[in-house]
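Take -4 as the starting number for the sequence shown in our numbering and just add one per residue.
All C-beta atoms, glycine included, are put in the ideal place defined by N, C-alpha and C.
Here is the structure we will look at, set down as structure tokens.
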Amino acid sequence: MEIQTRIKLGQFYKYTLLSLVMFCIGCLLAYQIVGIRSFKKPVPAFINTRILVDPSSPRTLLKKYQSTNGDFQSVSNNNHTYVYSAYLEERQDKIRVVGITLNTTSSLYCILWYMDKTNAVNSRLVTGYVLVLPESHEHKYSAAFIICYLKGNEVPDAVSIIENTVVTKPENLIPVVRPPDKSIIKQNFTVCLSPIHNGYKNTDELIEWLEILQLQGVSRVVAYLHDASHNVISVLKFYHSIGLVIILPWTLPKHLCNQTMKNLHYCGQMAALNDCVYRNKGHSHFVASFDIDELIIPQRPEDYTWVDMLKRLPNKSVYGFRNTFFFPSQHTTRSTETMETNLRISSNLFRGDFIYGPGDRSKWIVRTDSVVTIGIHFAWALTNDHVYTVPTDMGLLHHYRKDEVKYPEGVNVRREKHTETEKYNKQLEFQVTYIRKQFLNYKKSN
Ligand SMILES: *[C@@H]1O[C@H](CO)[C@@H](O)[C@H](O)[C@H]1NC(C)=O
Ligand SMILES: *[C@@H]1O[C@H](CO)[C@@H](O)[C@H](O)[C@H]1NC(C)=O
Ligand SMILES: *[C@@H]1O[C@H](CO)[C@@H](O)[C@H](O)[C@H]1NC(C)=O
Ligand SMILES: *[C@@H]1O[C@H](CO)[C@@H](O)[C@H](O)[C@H]1NC(C)=O
Ligand SMILES: *[C@@H]1O[C@H](CO)[C@@H](O)[C@H](O)[C@H]1NC(C)=O
């Protein structure tokens, strides 16, 4: 009897221990991969090394930074880590730095700079915990968050990321962006455009895309610019001048962003998207991201804007839109109206009758303040679990392709006519014609 109980107890302990170990491994994984940090906050580790920096240099660096529109800065001359931006968390307990680093980097150091009005500069050195972001596709470099924990209520004005505790002159200095007052939210929808690269040059496509977004209720587009044709840059600048587009430089060295893209997935798309989410917290109720060859289209004829569509859906944090491919209509019967502008949405009215599953090529609209880590096709970490896949008769991701598409093996895809975008034709036609004229005038005077 006693022995049996002991065995049972032994088994009980064994299983409890096993579950505990599994749970811990799970937590560790979640912690490592996704950046969930709710269960235990590491104690800020303040390091007792004196910072040997000339206190005037942070001011000089900050001035230099402020004269630009922000961009990547290197952490040291070994090309291991590049940093882009720094955000104060709403709870004011940590700074989140967005960057690109070798996929093996596990920790760095943060110098927190406190500049007071009397011109004095104080500093503090803390550990920078590196959270390598997912979707690196096993490349050598990955997007990452570097987390610098704060102690007390003081918020630093700027932060430098360094590799070694002894440093004479940091290579970088990033101003800390504070979340704005909640009451000032101005935008309903902001669209984040992944790094434009490889000399992108299709101005007609870009103008049509930006115009249809506005018809759908988008009031802001954040464009990360690596490289594009002269004309595309002019178009972006034109839209900047009328208050729609914010252009952010995305100057990565050649080994991280060129045609091969072998060292870093898609020129650091994950870093850009996560920067965009944090940049828009407190500024835009929702952010969305998809490429210039994609559009989120409400499928009900009476739904014109995204607000019309979202009003029908439950109140969630992530709305996932499933992907379907559209192709040029074989015999486009061009009306005299579409003759001149030849809009993509009115000349690509055939779609494959296959709709990809949730998370597979899908794109999203998210409630900005609920996101911790965003991914390209879905959210990796949220402050809640309010994820929703939009029914395909309410909203779809239209993905425009000129060529054949390789569908998953075994699926038999036929093309069918799909005319849900026709509701935009007239207004879009008008807008595009108008904007092209405006743009020509803008180009003449700039
Ligand atoms: C770092 O990259 C630059 C080009 O961006 C290159 O010239 C330099 O040799 C690299 N340094 C190291 C240590 O790899
Ligand atoms: C890190 O990069 C190396 C190539 O340098 C690659 O072989 C490895 O799979 C990557 N690791 C991860 C976790 O992506
Ligand atoms: C946001 O949406 C509301 C409701 O549809 C609308 O009244 C408001 O004008 C929109 N704001 C912007 C900046 O588009
Ligand atoms: C392009 O990037 C790859 C690594 O992704 C690198 O090996 C190659 O040297 C780069 N090409 C140029 C022209 O810099
Ligand atoms: C939807 O939920 C968010 C929080 O997740 C809340 O702030 C917002 O007010 C809700 N909207 C409506 C219409 O209930």
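Short of 6 Å from the beta carbon of F285, and not among the five residues preceding or following it, lie these beta carbons of its own chain, in chain order: K358. By the Cβ neighbour-count rule, A115 is exposed, with fewer than 16 other Cβ atoms within 10 Å of its own. Taking C-beta atoms under 8 Å as the contact rule, K196 and N148 fail to qualify, at a distance of about 50 Å. Annotation for N253 indicates a beta carbon at 7 Å or more from all heavy atoms of ligand 1. H250 counts as exposed, since fewer than 16 other beta carbons sit within 10 angstroms of its beta carbon. By the C-beta criterion, the region 268 to 285 is judged to be in contact with the region 182 to 201, since at least 3 inter-stretch pairs fall below 8 Å.
Under the DSSP assignment, N318 falls in the beta strand (DSSP E) whose first and last residues are N318 to F322. Short note on Q422: C-beta not closer than 7 Å to any heavy atom of ligand 3. With 7 Å as the limit between CB and the heavy atoms of ligand 1, the residues that fall short of it are N72, N73, N74, P248, K249 and H250.
K59 has its Cβ no nearer than 7 Å to any heavy atom of ligand 4. Short of 6 Å from the beta carbon of I340, and not among the five residues preceding or following it, lie these beta carbons of its own chain, in chain order: T416. Listed by position along the chain, the residues with Cβ atoms less than 7 Å from a non-hydrogen atom of ligand 2 are N98, T99, S131, E133, H134, K135 and S137. In this structure, A374 lies near V361, with their beta-carbon atoms less than 8 Å apart. Residue environment for L435: exposed (fewer than 16 other C-beta atoms within 10 angstroms of its C-beta). Under the Cβ criterion (8 Å, minimum of three pairs), the region 208 to 223 does not count as touching the region 109 to 127. Spanning the alpha carbons of K412 and I202 requires a straight line of approximately 25 Å.
When I291, R431, H221 and R410 are compared, the shortest CA-CA separation from H394 is found for I291.
Rounded to the nearest whole angstrom, the C-alpha separation of G370 and T113 is 43 Å.
If the five residues before and after N318 are omitted, its C-beta is found closer than 6 Å to the C-beta atoms of Y351, R356, S357, L392 and H394, all from its own chain and listed in chain order. Counting only heavy atoms of ligand 5, the residues whose C-beta sits closer than 7 Å to one of them are, along the chain, N310, S312, R362, S365, N379 and H381. For Y273, no beta strand (DSSP E) segment is defined; the enclosing uninterrupted segment is the alpha helix (DSSP H) at Q264 to N275. In its chain, beyond the 5 residues on either side, P174, T363 and D364 have a beta carbon closer than 7 Å to the beta carbon of K276. The beta carbon of L243 sits closer than 6 Å to those of Y219, all from its chain and outside the five residues before and after it, given in chain order. Residues close to ligand 3 by the beta carbon criterion (under 7 Å to any non-hydrogen atom) are, from first to last along the chain, K181, Q182, N183, G212, S214 and V302.
Judged by beta-carbon spacing, Y234 lies beyond the 8 Å limit of I157, meaning their Cβ atoms are not closer than that value.
Across the set A138, K146 and L305, the C-alpha of A138 shows the shortest separation from the C-alpha of M265.
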